[in-house]
Structures are given as structure tokens and as C-alpha cells.
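Chemist:
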Amino acid sequence: MTAPRDKLGRPVVVVTGMGIMTSLGAGKADNWAKLVAGESGIRTITRFPVDGLKTTMAGTVDFVSVDPFSSTGLSERMAELVTEEALEQAGIGNKADFPGPLFLAVAPVEVEWPQRRELGRAVGAPDFTYDDLLRISGGGKYSAYHHRFMFGSVAAHLAETFGTKGSPISLSTACASGATSIQLGVEAIRRGETNATLCVATDGTVNPEALVRFSLLSALSTQNDPPQAASRPFSKNRDGFVMAEGAGALVLESYEAATARGAKILGVIAGCGELTDSFHRTRSSPDGKPIIGCMNKTLADAGMTPDQIDHINAHGTATPENDKMEFNTTSAVFGDLAQKIPVTSNKSMVGHTISAAGAVEAIFSLLTLEHQRIPPTINYETPDPTILFNVVGNKARDARVTAVMSNSFGFGGQNASLILTREPA
Amino acid sequence: MTDTASKPGQTEVWITGIGLATSLGEGLDANWAALQEKRINVDEKGFAPFIVHPLLPVSFDSQIPKKGDQRQMEAWQRIGVYAAGLALDSAGIKGNKDILSKIDMVVAAGGGERDLNVDTGVLNAEAKGANAPGFLNERLMSDLRPTLFLAQLSNLLAGNIAIVNGLGGTSRTFMGEEVAGADALRIALSRIASGESDIALVGGSHNGERKDLLVLYEFGDFNLKDKFAPVWARKDHAGFALGSAGAFLVLESKAHAEARGARPYAKLSSVVTDLARRKQSGDMEATLEKLWDKLPKRDGKGAIISGASGAEPATSEERDFLKKHADFPVRATGTMFGHTMETQFPLGIALAALSISRGALFPPNDSTGTEIEMQGAPTQIVVVGAGHWRGEGMALVEAID
Chain A
1 MTAPRDKLGR PVVVVTGMGI MTSLGAGKAD NWAKLVAGES GIRTITRFPV DGLKTTMAGT
61 VDFVSVDPFS STGLSERMAE LVTEEALEQA GIGNKADFPG PLFLAVAPVE VEWPQRRELG
121 RAVGAPDFTY DDLLRISGGG KYSAYHHRFM FGSVAAHLAE TFGTKGSPIS LSTACASGAT
181 SIQLGVEAIR RGETNATLCV ATDGTVNPEA LVRFSLLSAL STQNDPPQAA SRPFSKNRDG
241 FVMAEGAGAL VLESYEAATA RGAKILGVIA GCGELTDSFH RTRSSPDGKP IIGCMNKTLA
301 DAGMTPDQID HINAHGTATP ENDKMEFNTT SAVFGDLAQK IPVTSNKSMV GHTISAAGAV
361 EAIFSLLTLE HQRIPPTINY ETPDPTILFN VVGNKARDAR VTAVMSNSFG FGGQNASLIL
421 TREPA
Chain B
1 MTDTASKPGQ TEVWITGIGL ATSLGEGLDA NWAALQEKRI NVDEKGFAPF IVHPLLPVSF
61 DSQIPKKGDQ RQMEAWQRIG VYAAGLALDS AGIKGNKDIL SKIDMVVAAG GGERDLNVDT
121 GVLNAEAKGA NAPGFLNERL MSDLRPTLFL AQLSNLLAGN IAIVNGLGGT SRTFMGEEVA
181 GADALRIALS RIASGESDIA LVGGSHNGER KDLLVLYEFG DFNLKDKFAP VWARKDHAGF
241 ALGSAGAFLV LESKAHAEAR GARPYAKLSS VVTDLARRKQ SGDMEATLEK LWDKLPKRDG
301 KGAIISGASG AEPATSEERD FLKKHADFPV RATGTMFGHT METQFPLGIA LAALSISRGA
361 LFPPNDSTGT EIEMQGAPTQ IVVVGAGHWR GEGMALVEAI D
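If you read the sequences in order, they're chains A and B. Here UniProt numbering is used: the first residue of the first sequence is 1, the next is one more, and so on. Here UniProt numbering is used: the first residue of the second sequence is 1, the next is one more, and so on.
1. Along the stretch 159-171 of chain B, where does the CB come closer than 7 Å to a CB of chain A? Name the residues.
2. Pick helix, strand or coil for Lys290(B), following the three-state DSSP scheme.
3. Put Ala326(B) into one of helix, strand or coil per three-state DSSP.
4. For Thr344(A), which beta-bridge partners are listed by DSSP?
5. In chain A, what lies closer than 8 Å to Gln72(B) by C-beta?
6. Classify Asn237(A): buried if its beta carbon has 16 or more other beta carbons within 10 angstroms, exposed otherwise.
7. Apply the 10 Å Cβ neighbour rule to Lys211(B) and answer buried if 16 or more other Cβ atoms are within range, or exposed otherwise.
8. How about Met349(A): is its C-beta nearer than 9 Å to some C-beta of chain B?
9. DSSP puts Thr44(A) in a beta bridge; with which residues?
10. Chain B beta carbons: is any one of them nearer than 9 Å to that of Met1(A)?
11. On a CA-only basis, which of Pro342(A), Phe103(A), Val82(A), Ala179(A) is nearest Pro375(A)? Give me that one, please.
12. What residue range does the beta strand (DSSP E) around Phe103(A) cover?
13. Quick one: give me the first and last residue of the beta strand (DSSP E) that Cys272(A) is part of.
14. Kindly list, in the order they appear in chain B, the residues whose Cβ is closer than 9 Å to that of His146(A).
15. For Glu160(A), go through chain E and note every residue whose CB falls closer than 7 Å to its CB, in chain order.
16. Using C-beta distances below 7 Å, list every residue in its chain close to residue 406(B), excluding the 5 sequence neighbours before and after it, in chain order.
17. Using a C-beta cutoff of 9 Å, does Tyr130(A) count as contacting chain B?
18. So, does the CB of Thr11(B) fall closer than 9 Å to a CB anywhere in chain A?
19. Does Asp3(B) come out as helix, strand or coil in the three-state DSSP assignment?
20. Run through chain B and tell me which residues come within less than 9 Å of Arg47(A), C-beta to C-beta.
21. Expressed to the nearest angstrom, what Euclidean distance is found between the alpha-carbon atoms of Thr319(A) and Ser221(A)?
22. Does the beta-carbon distance from Ala37(A) to Gly178(A) come in below 9 Å?
23. Mapping DSSP to helix, strand and coil, what is Val350(A)?
24. Grab the span of the beta strand (DSSP E) containing Glu253(A) for me, first residue to last.
25. Anyone know if the C-beta pair for Ser42(A) and Leu211(A) falls short of 9 Å?
26. Just checking my contact of Pro264(B) with Ala257(B) at CB under 8 Å: how many whole Å lie between their CB atoms?
27. Taking the Cβ atom as the reference point for each residue, do Gly240(A) and Thr353(A) lie within a distance shorter than 9 Å?
28. Which residues mark the beginning and the end of the alpha helix (DSSP H) in which Phe135(B) is found?
29. Between Pro206(A) and chain B, is the shortest Cβ-Cβ distance under 9 Å, so that the two count as touching?
30. If the criterion is Cβ atoms closer than 9 Å, does the pair Arg400(A) and Asn207(A) meet it?
31. Is it right to say Phe63(A) is buried, meaning 16 or more other beta carbons lie within 10 angstroms of its own, or is it exposed?
32. Flag Gly59(A) as yes if its beta-carbon sits less than 9 Å from any beta-carbon of chain B, otherwise no.
33. Where are the beta strand (DSSP E) runs, 3 residues long or more, that stay fully inside the stretch 101-184 of chain B, in chain order?
34. Taking only beta-carbon atoms, is Gln152(B) less than 9 Å away from chain A?
35. If you follow the beta strand (DSSP E) that Ile182(A) is in, where does it begin and where does it stop?
36. Figure out for me which residue from Asp299(B), Pro313(B), Asp104(B), Lys97(B) has the closest Cα to the Cα of Gln280(B).
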């Protein structure tokens, strides 16, 4: 291994622990095995009735129990479990004493329907108004709901459980949130504020209203039957993304600190980039300039050129617009290489884990580097002839992979990319 | 603990733009005048028995020219986009494509208002026996406005600011109630101080005139009811009065500001934040004391601007902390502006910078003697922001030598 500083003189940031959970299962081993086997975690929703919904499938995490159930509660529990896995692997700090800050990507929090319904039932009178709900909300009966539905509640719980230092940051950059949590962690280490950060991203929001919201924006696939075939990145017949749940946790450390304590280095966060698109709330600028700029910034941040990237873990949502835009912008940055570099979308199997996706896919990218094997993009039966990516279709592919670009693009003009490598450049 | 005190070799960070839209008015002059007159704008009837500080109406057209853009936002976003526009104006960079295409944004945000008619409609129908399995799904599919989601998403405040003003740098949205505002400033400051960024737009906005928020805080009995009193006089009648406000700041490296001839209001020297466990009485006070010690040395003419909300036990703990620093004149923004949650800390920074630039702290507005008169011009103002439930932040705003 080489110098503890990168080409720009900043501390090299490495990954020493990872934890993951998706609709495929809990933990790295299970997820990786199923991912390279091309299994889908998408299934018909059983958590709540799907009558009247256009989309009836999702990548839910049903094997984690939370009582009383809430999406925020599930997000919190998944975050806790993946953090435990990451810390166990990293072997850093002491129990409940993590030596650095927490950056948490989490879905926006709000009071949910089960609690709202409880309130409705408690009014106990016909034809009530919102004022009647308000009137019975106080008195301490529902104080647990105040705590549960604070935006900072998940981060506060994790910070207290794992003893992270300082004020934990809860962040949202929509579908780029997971990447942003990593970026914030990288920056804190590069600035020399800390030797270690805990970056966690979680999303457990498959609930009726969330599905309806995305449905009303025509963002979701409606190819419900069979559910496993719904998510079709880069296919001609793709028709939207599939909502999914999951979480990822990464322990980041400065290379110097990690090697000093003899930690096993799982990979390097070589570059991060981010660029805002001010074109539209849900659509990318037609010229793709913000995404192109985002990828270029990330390459520059890593001190790398396009020919050094040998795999792209695409955002690949399977919405008609995203996949086309992603190919066009990647082509603008990578030129002919865009048609040669193997590209895959994990979302074909785990769905779109929204706030968690950036971290979940960064972890899959790091596992790809570790195993030198690229997980497939399943449901790739009818390639879109206008998307000329070298898609790793349907079957995993062994490949020499030294550097992966992982992309995340979100509503609100959020674009973030990461470059992950095996060893410091 | 995490801190961003300027370190040797790091660049100084100036506050070169301030945008305010509050219950007292829009812009710096109107807010300053209201503070001098000790004016308070509360609505005791519209949400009775709850008390809120309503936004003093503004003409959104002046900062959000397209009606289509305004329609895509709910009130909390409109207030924020408006205040952000004022901050860009104040910094003299509105419409400056070179700068706006690279400005970094850190926004502290909650979420948007719900459609109360939809919610009560569903609950009433269910109370009357509508219990078919797909009833909720069908009602939501037919009753929710398709783009309402975008007006509720936390990161769409930043998204709308970018769209309306053509911003093209980075964009990060922090959530987590009061301390999110302090952390937004902390991260923006540390990025500029370390050279990662030259200029940033930082702030938040809050619509306090929302029954869905009153429900949320009523769960914890945090709302002020029946009778208004200054924050420090609420001990036996505790609670916060939600306030509507947008507060944005333009932070800039000294070099960047000087190169374009920008006039600074003040210097943001340090922002520190922490998460007290608050398991026992005194935990939060101890954390505030720790943060106080982490701030750079204060040997100038100092004052404190507090974001205390009136909610207990946080307000009493903060008062105990302040008593130990009784030589610093204190002002509680909660009395005049209400509790604006994520926005309270940026609002405190804005008022600190304004006070320094105008050479006077605004007058006390308190019946308990906690706030005392200050003679002369403050040169160092500590901004304190302790959350009503979790999270503590502190910052030092200083006059530029």
C-alpha cells in the first residue's frame, strides 16, 4: 500500500466495516450470494391491503419485526442491525463508544396512518374536524408519538446506542441520500476533524401513502405480475422503479488510522461529487449537464480519468427517463468507453431503496471489488436499443474490477456520484 | 463533540448576505424596526387555544416570479424560497450566474404540510364504517393532489430554491428539528474554512401556522396555550408558540468576498453542536457549558442570543446555564418570533450579524429580568440553540476587525 494521502494531499478515506440489509436478506453474505445468483427480492406486498393500488409489489423487508409498527420504526431497526454488522467487521472503538460522528440518510419523518387512525378512533364522535383531533392529542397519552416522529429521532437513537460523537446529522437528498451520507463522512475525515465516521442510510417506507405518492407521479412500475420481473433497468419495456426497503452502514476511517490499528481495509472511497440540477423538481435538465458535471467532478475529486473506471454501478432505476438520461450523460463523460465498461443496476433485484440506495449500492460496489465479480441486471430480456451500455445482463460476470463509479440521482435536482477502489491510488 | 472553530491556516468566513421573512416583517429594516419597538405578532384566535406567530404577509411574486413555481410549493417552501432570495439580494449575488452556478447550499428542513381535508375525510369515513381493505388506498389515490408530495419532501425546499434562483453547486438538506439549523451552519462553515467551498447559502424555513404540526407537538404537550408570555416568563405555563419564518445567510470566505467587493455584516467564527443524553436533570446544561468552553476566546463586548423556546425542561436548563454567564446580556428570539424549529438557529445567527453590523444589540423584551439592557456596540455574540427535545448548538458571531 502507498501513501496515506491522496493526490490532492488529503487523508485517504478507507472502508473498514460494512453492514447491509435489503429485501434479499440480512447481512453481506446472504445479500451477495443472492445478488450474484440473480435473485429478486421484489414480491407482492402483504404488509397492508393493496386493493385499489396500481402498483402492488415492492422490495419490502418483512423479516424484521417492529412493534408498534411504523415506517420510521422499521428504518430505525434496520439501521441498528446494519450498524451492528458494520461495527463487528470493523472492530473499531468499544461497545457503545464509536470514535467519530454519525451521518444518517433517512427518509423524511411524519406521523403515519396507523397513529392518525388511532387518533381518529379516540375522538369517538361522528363528523369530527381536525380541531377535534388536535384537542385530544395532548395530555401525555401519545407522548411516545412525539418522540417517534421527530425528524432527528432515528439519528438520536443510533447515536445513543452506538456512542457516536457529537451531533448526529440526519440528511435527505432524496434518492441520493445514501451517497450524501458517505460524502459527508469522507469530507469530515479529509478535513482532519475525525479519524472515523459512521455513515448509515436506511429506508423502510413502503406504506400505502408512500406508494400512492410515487404512483401519482407516475414513477412506479405497474408490471405487478410476476413481481420479480417488474424492475427492468435498461430494457425497452421498463416502466418505472419498484419501491424497496433496506439499509446500509459503512465505517469510514483515514487510511492512516485504519492501518495504525491493523484494521482490514475493504476498499477506498476515492472520490465524491455532487451537482445540483435546477431544471425541474422531478426531471433532469434535458442537456444532462448537471449529471455530466457531477460525474466529472467525481472523477476530478478522485484524481482519475474515465479510462481508469472499469465498472459502473448505475443509478438504473428503470424509469423510462432515468436510464436513457444515464446512458446519454455517461456517454458524454466516458465517450466510447460508455459502451464498453460493464454496467449493472442492483435495483433490478433489490428495487429502489430510495434514501438508502446510495449506501446500499456503494456496499455492493465494494463487494464487487472484493469478489471481482459483477452482479447481473436481471429482467434484461429486451434491451432498449437506444441504451448502448455494456449491461451485465441476467448473469453475473467475473471481471477485473479496480475502480467503480456508483451513481445516485434524485428528485429536487440531487445528483451524487462516488468512486470506490480497492486500494489507495 | 464536533466543532468547526476556525483553525490556524483556515480562512475566515464572513456573513455577507441575510434574508429574513418573519412574523415581524420581511427584510432587515422591518425586522430591526420591530425589534426596536418590541413588537410581537401573535395570533391567539386562529388556532385557539394554541398561540402562533403568523408570517406577516409578503408578496411572494417579488422573489418567486412564476406563479407556476408558487403553486408547486406549500407555505413552508414559499417562505424559505422567499427568504433565500432576500439573502442572495442582500449579498449582491442575485442573478450572478458565475457565483450561483457554484454556490453550495445547506438547508435545514422539516417536512411539508398535509392536506387536512384528505386526512379528516378518510378518518371520518372510517369512523362511519368504511372499512373495505382498499379504502385508504382508493381515497389517497383519488384525493391527494399529485404534486403535493413534492411540496412535502424535505429536500424540495432546497430544490425549489435552486430552481427559482438557478443554483448549481451542491445541495444538502439536514433534518432533525432545531439542531439541524446549527449543523447546517457548522458544515457550511467548516467546508468554507477548509477551502472545500468558497460561498454557501444556508438557512431554513418554517410554517408555524399548521394544525398537523400542532398535533405532533401536542403529543408531547409542548404547545403554548391560552395566554402569551415572554419565553422566560413561561415557567409555570410552559410551551412554545410555533412561529413562521424563513432565515437564510450567505457565508463566504474572506478572500472570495473581498475579491468581489462584498460588504460583510459579521464574521462567523465557530459553530459547535452536540447531543446531550438528557436522561437526568442537568445533562443539557452540562452540554451547553461544554459547548461554551469550545468556542474561541471571548474578550470583546459580548452578548447572547438564545433560541430557547419556552418548552420545559429545556428552557429551565438553558436558563441555569445562562445564569452562570449573567454578565452577558441575553435575548430570546422565541419571545419575538415564536419557535421556528429548524429555522431558529439561522435566525439567531442572522440577528447576531445584524446587531453587530448595526452597532447595537436589540432591546430586551422580558418581564423576568433575565434580559438586561446593553450599552454600546457588541463585538462578539454567542448564539445558543437548544432543541425542545434533543440537540444543542452554539455559535460565535464576531465583528470584523
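By construction, the Cβ of each residue, glycine as well, lies at the ideal position given by its N, Cα and C atoms. Just so we're clear, the structure is a prediction, and the values are computed from it rather than from any experiment.
Modeler: Quick answer:
1. If the cut-off is 7 Å between Cβ atoms, the stretch 159-171 of chain B has Gly159, Ala162, Ile163, Gly166, Leu167, Gly168, Gly169, Thr170, Ser171 near chain A.
2. In the second sequence, counting from the first residue as 1, residue 290(B) sits at position 290. For Lys290(B), the three-state secondary structure derived from DSSP is helix.
3. For the purposes of this step, residue 326(B) is taken as residue 326 along the second sequence, with counting starting at 1. Coil.
4. As a position in the first sequence, residue 344(A) is number 344, starting the count at 1. The partner list for Thr344(A) (beta bridge, DSSP) reads Asn313(A).
5. Here residue 72(B) is taken as the residue at index 72 of the second sequence, counted from 1. Within chain A, the residues near Gln72(B) are Arg281.
6. Mapped onto the first sequence, residue 237(A) falls at position 237. Its Cβ having fewer than 16 others within 10 Å, Asn237(A) is exposed.
7. Reading the second sequence from its first residue, position 211 is the one you call residue 211(B). Looking at its Cβ environment, which holds 16 or more other Cβ atoms inside 10 Å, Lys211(B) is buried.
8. As a working note, residue 349(A) is residue 349 in the first sequence. No, no contact with chain B.
9. Here residue 44(A) refers to the residue found at position 44 when the first sequence is read from its first residue. As a beta-bridge residue in DSSP terms, Thr44(A) pairs with Met57(A).
10. Here the question's residue 1(A) lines up with position 1 in the first sequence. With a pLDDT of 46 at Met1(A), under the threshold of 50, the predicted position of this residue should be treated as unreliable, though the coordinate-derived value follows. Residue contact with chain B for Met1(A): absent (no Cβ-Cβ distance below 9 Å to any residue of chain B).
11. Counted from its first residue, the first sequence places residue 375(A) at position 375. Pro375(A) has its Cα closest to that of Pro342(A), out of Pro342(A), Phe103(A), Val82(A), Ala179(A).
12. To locate residue 103(A), count along the first sequence from 1; it is residue 103. According to the DSSP assignment, Phe103(A) belongs to the beta strand (DSSP E) that extends over 102-106.
13. Counting from one through the first sequence, the residue named residue 272(A) turns up at place 272. Taken as a continuous stretch (DSSP letters only), the beta strand (DSSP E) holding Cys272(A) covers 267-274.
14. Locating residue 146(A) in the first sequence gives position 146, where the first residue counts as 1. What His146(A) touches in chain B: Leu216, Tyr217, Glu218, Phe219, Gly220, Asp221, Phe222, Trp389.
15. Within the model displayed, chain E is absent; protein chains A and B are what it includes.
16. Only positions 1 to 401 of chain B appear in this structure, which leaves residue 406(B) out of reach.
17. Taking the first residue of the first sequence as position 1, residue 130(A) is located at position 130. Taking CB atoms only, Tyr130(A) has a neighbour in chain B less than 9 Å away.
18. Locating residue 11(B) in the second sequence gives position 11, where the first residue counts as 1. Taking Cβ atoms only, chain A never reaches closer than 9 Å to Thr11(B), which makes this a no.
19. Residue mapping note: residue 3(B) aligns to position 3 of the second sequence, counting from 1. The predicted position of Asp3(B) is uncertain, since its pLDDT is 48 and thus under 50; a value taken from the coordinates is nonetheless stated next. Asp3(B) falls in the strand class under three-state DSSP.
20. Position 47 of the first sequence, counted from the first residue, corresponds to residue 47(A). Near Arg47(A) there are no residues of chain B at all, since even the closest Cβ is about 12 Å away, more than 9 Å.
21. The residue you call residue 319(A) lines up with position 319 of the first sequence. The residue you call residue 221(A) lines up with position 221 of the first sequence. The alpha-carbon atoms of Thr319(A) and Ser221(A) are separated by roughly 8 Å.
22. Working through the first sequence from its first residue, we reach residue 37(A) at position 37. Working through the first sequence from its first residue, we reach residue 178(A) at position 178. Not a contact, by the Cβ cut-off of 9 Å.
23. Against the first sequence, residue 350(A) aligns to sequence position 350. DSSP places Val350(A) in helix when its eight states are reduced to three.
24. Locating residue 253(A) in the first sequence gives position 253, counting from the first residue. Counting along the chain, the beta strand (DSSP E) containing Glu253(A) begins and ends at 246-254.
25. Taking the first residue of the first sequence as 1, we reach residue 42(A) at position 42. Taking the first residue of the first sequence as 1, we reach residue 211(A) at position 211. Contrary to the premise, residue 42(A) reads as Ile rather than Ser in this sequence. Contact flag unset, no.
26. Numbered from 1 along the second sequence, position 264 holds the residue referred to as residue 264(B). Numbered from 1 along the second sequence, position 257 holds the residue referred to as residue 257(B). That belief holds up - the Cβ atoms of Pro264(B) and Ala257(B) are roughly 6 Å apart, short of 8 Å.
27. Within the first sequence, residue 240(A) is the residue found at index 240, counting from 1. Within the first sequence, residue 353(A) is the residue found at index 353, counting from 1. Their beta carbons are not under 9 Å apart, which means Gly240(A) does not touch Thr353(A) by this criterion.
28. The sequence position of residue 135(B) within the second sequence is 135, counting from 1. Phe135(B): member of the alpha helix (DSSP H) spanning 135-143, first to last residue.
29. Here residue 206(A) refers to the residue found at position 206 when the first sequence is read from its first residue. A small correction: the amino acid at residue 206(A) is Val; Pro does not occupy that position in the sequence shown. No, its Cβ sits nowhere closer than 9 Å to a Cβ of chain B.
30. Residue numbering aside, residue 400(A) sits at position 400 when the first sequence is read from its first letter. Residue numbering aside, residue 207(A) sits at position 207 when the first sequence is read from its first letter. In this structure, Asn207(A) does not lie closer than 9 Å to Arg400(A) by Cβ.
31. Reading the first sequence from its first residue, position 63 is the one you call residue 63(A). Classification of Phe63(A): exposed, given that the 10 Å Cβ count is below 16.
32. Here residue 59(A) refers to the residue found at position 59 when the first sequence is read from its first residue. Taking 9 Å as the threshold, the shortest C-beta distance from Gly59(A) to chain B does not fall below it.
33. Correct list: 104-108, 171-175.
34. One-based indexing of the second sequence puts residue 152(B) at position 152. It does; some Cβ of chain A falls within 9 Å.
35. Looking up residue 182(A) in the first sequence gives position 182. Bounds of any beta strand (DSSP E) do not take in Ile182(A); it lies within the alpha helix (DSSP H) bounded by 177-190.
36. Locating residue 280(B) in the second sequence gives position 280, counting from the first residue. For the options Asp299(B), Pro313(B), Asp104(B), Lys97(B), the alpha carbon positioned closest to that of Gln280(B) is the one of Pro313(B).
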